[in-house]
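Order-wise, the sequence lines are chains S and U. Residue numbering for the first sequence is 1 to 113, as defined by this note's numbering. Residue numbering for the second sequence is 114 to 225, as defined by this note's numbering.
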Amino acid sequence: NAGVTQTPKFQVLKTGQSMTLQCAQDMNHNSMYWYRQDPGMGLRLIYYSASEGTTDKGEVPNGYNVSRLNKREFSLRLESAAPSQTSVYFCASSSWGGAGGYTFGSGTRLTVV
Amino acid sequence: RKEVEQDPGPFNVPEGATVAFNCTYSNSASQSFFWYRQDCRKEPKLLMSVYSSGNEDGRFTAQLNRASQYISLLIRDSKLSDSATYLCVRSYSGAGSYQLTFGKGTKLSVIP
């Protein structure tokens, strides 16, 4: 099925561990995004990539890094996980101009203990 | 002040009722607006775009008032399946990208 695929769906990390969240889209979209969603906070932008080869910080980038591997893939890395990074992470993509809005992946539920 | 503000609800309405949500935004440079729907523990999904002239999609009507900086969503003849959180979203373009800012959402529960 066409869309945005995120892996893994669930993850438990210990404080200080590292991990990479993977995201791939097959809709030929130029732009990709990583959001986190916390209770009472709504969706907050972590990083985005307007096009292949570019990445920029969003609202809450501290503690994260990203890589736009190619047009299809955009990964999010936590180098040293902290309990404050316990959240649901969503990847999204859009065509330039975004007339169709964003298409989201199904999310990764991350718990840092 | 949050750029997009919504009443978190919950709105508890009986089946068949009409319910309306409003959302205010603070950035007049906003270009486009959307309503997204998010079911519990699921990803947000685009419900509809919002145009100044107003637009309708079945039982759903969206309206944008740029002068007063608010958008609205009207749901007629509510169904149990309409129970979800509705996210008000504004978009803007800048620095080579197109970005969305999400409200925190309004929770709707449709009761039998």
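All C-beta atoms, glycine included, are put in the ideal place defined by N, C-alpha and C.
Notebook entry, point to check: Under a three-way DSSP split, which group does Gln85 of chain S fall into?
Noted result: Locating residue 85 of chain S in the first sequence gives position 85, counting from the first residue. Correct three-state label for Gln85 of chain S: helix.
Next item on the list: Kindly say whether Ser67 of chain S, judged by its beta-carbon, lies nearer than 8 Å to any beta-carbon of chain U.
Entry: Along the first sequence, one-based indexing puts residue 67 of chain S at 67. Residue contact check for Ser67 of chain S against chain U: no CB pair falls below 8 Å.
Next item on the list: Tell whether a beta-carbon distance below 8 Å holds between Arg68 of chain S and Met32 of chain S.
Entry: Mapped onto the first sequence, residue 68 of chain S falls at position 68. Mapped onto the first sequence, residue 32 of chain S falls at position 32. Yes.
Item checked: Cutoff 8 Å: Tyr89 of chain S Cβ touching any chain U Cβ -> Residue 89 of chain S sits at position 89 when you count from the first residue of the first sequence. Not closer than 8 Å to any Cβ of chain U, the Cβ of Tyr89 of chain S fails to qualify, so no.
Item checked: Nearest neighbour of Val163 of chain U, chosen from U:Tyr211, U:Ser204, U:Val223 and U:Pro121 [CA to CA] -> On the second sequence, residue 163 of chain U is found 50 positions in, with the first residue counted as 1. Checking every option, the nearest Cα to that of Val163 of chain U belongs to U:Ser204.
Next item on the list: Determine the chain S residues that contact Tyr138 of chain U at a beta-carbon separation under 8 Å, and present them in chain order.
Entry: The residue you call residue 138 of chain U lines up with position 25 of the second sequence. Contacts between Tyr138 of chain U and chain S, judged by CB atoms closer than 8 Å, are missing: the closest CB pair is about 14 Å apart.
Next item on the list: Indicate whether Ser75 of chain S and Leu13 of chain S have their beta-carbon atoms separated by less than 8 Å.
Entry: Position 75 of the first sequence, counted from the start, is the residue given in the question as residue 75 of chain S. Position 13 of the first sequence, counted from the start, is the residue given in the question as residue 13 of chain S. In this structure, Ser75 of chain S sits away from Leu13 of chain S, with a CB-CB distance that is not shorter than 8 Å.
Note to self: Give me, in chain order, the residues of the same chain whose beta-carbon lies closer than 6 Å to that of Asn135 of chain U; leave out the 5 immediate sequence neighbours on both sides.
What the structure shows: For the purposes of this step, residue 135 of chain U is taken as the residue at position 22 of the second sequence. Excluding residues within five positions, the ones whose Cβ falls inside 6 Å are Tyr183 and Ser185.
Item checked: 3 or more residues per run - each beta strand (DSSP E) lying fully within the stretch 138–191 of chain U -> Fully enclosed beta strand (DSSP E) runs of 3 or longer: 145–151, 157–163, 168–170, 173–178 and 183–188.
Note to self: Please report whether the beta-carbon of Leu159 of chain U lies at a distance below 8 Å from any beta-carbon of chain S.
What the structure shows: Numbered from 1 along the second sequence, position 46 holds the residue referred to as residue 159 of chain U. By this cut-off, Leu159 of chain U is an interface position.
Next item on the list: Identify every residue that forms a DSSP beta bridge with Pro127 of chain U.
Entry: Stepping through the second sequence from its first residue, residue 127 of chain U is reached at position 14. For Pro127 of chain U, which the question treats as bridged, DSSP gives the partners U:Ile224.
Next item on the list: Enumerate, from N- to C-terminal direction, the unbroken beta strand (DSSP E) stretches of 3 or more residues contained entirely within the stretch 18–70 of chain S.
Entry: Correct list: 19–25, 31–38, 42–49 and 64–68.
Notebook entry, point to check: What residues from chain S crowd round Phe215 of chain U, counting only those whose CB sits closer than 7 Å?
Noted result: Working through the second sequence from its first residue, we reach residue 215 of chain U at position 102. Result: Gly42 and Leu43.
Next item on the list: Whole angstroms is fine: what's the gap from Leu187 of chain U's alpha carbon to Thr131 of chain U's?
Entry: Position 74 of the second sequence holds residue 187 of chain U. Position 18 of the second sequence holds residue 131 of chain U. Their Cα atoms are separated by approximately 7 Å.
Check: Do Tyr64 of chain S and Thr55 of chain S have their CB atoms nearer than 8 Å?
Finding: Counted from its first residue, the first sequence places residue 64 of chain S at position 64. Counted from its first residue, the first sequence places residue 55 of chain S at position 55. With respect to the 8 Å criterion, Tyr64 of chain S and Thr55 of chain S are not classified as neighbours on the basis of their beta carbons.
Check: Which chain S residues sit within Cβ distance under 7 Å of Phe147 of chain U?
Finding: Taking the first residue of the second sequence as position 1, residue 147 of chain U is located at position 34. In chain order: Gly101.
Next item on the list: List the residues of chain U whose Cβ lies closer than 7 Å to the Cβ of Ser94 of chain S, in chain order.
Entry: To locate residue 94 of chain S, count along the first sequence from 1; it is residue 94. Those within 7 Å of Ser94 of chain S in chain U are Tyr211.
Next item on the list: Just grab the DSSP bridge partners of Ser106 of chain S for me.
Entry: Numbered from 1 along the first sequence, position 106 holds the residue referred to as residue 106 of chain S. In the DSSP secondary-structure assignment, Ser106 of chain S is not bridged to any residue.
Next item on the list: Mind checking which residues open and close the beta strand (DSSP E) that includes Ser75 of chain S?
Entry: Your numbering for residue 75 of chain S matches position 75 in the first sequence. For Ser75 of chain S, the enclosing beta strand (DSSP E) starts and ends at Phe74 to Leu78.
Note to self: Measuring only the C-alpha atoms, how far is Ser106 of chain S from Ser165 of chain U?
What the structure shows: Sequence index remark: in the first sequence, residue 106 of chain S carries index 106 (1-based). Sequence index remark: in the second sequence, residue 165 of chain U carries index 52 (1-based). The C-alpha of Ser106 of chain S lies about 31 Å from the C-alpha of Ser165 of chain U.
Next item on the list: Using a threshold of 8 Å, state whether the C-beta atoms of Ser191 of chain U and Gly129 of chain U are closer than that.
Entry: Within the second sequence, the letter at position 78 stands for residue 191 of chain U. Within the second sequence, the letter at position 16 stands for residue 129 of chain U. Taking 8 Å as the Cβ cut-off, Ser191 of chain U and Gly129 of chain U qualify as a contacting pair.
Item checked: Terminal residues of the beta strand (DSSP E) in which Leu193 of chain U lies -> The residue given as residue 193 of chain U occupies position 80 in the second sequence. Where Leu193 of chain U is concerned, there is no enclosing beta strand (DSSP E), given that its DSSP letter is neither H nor E.
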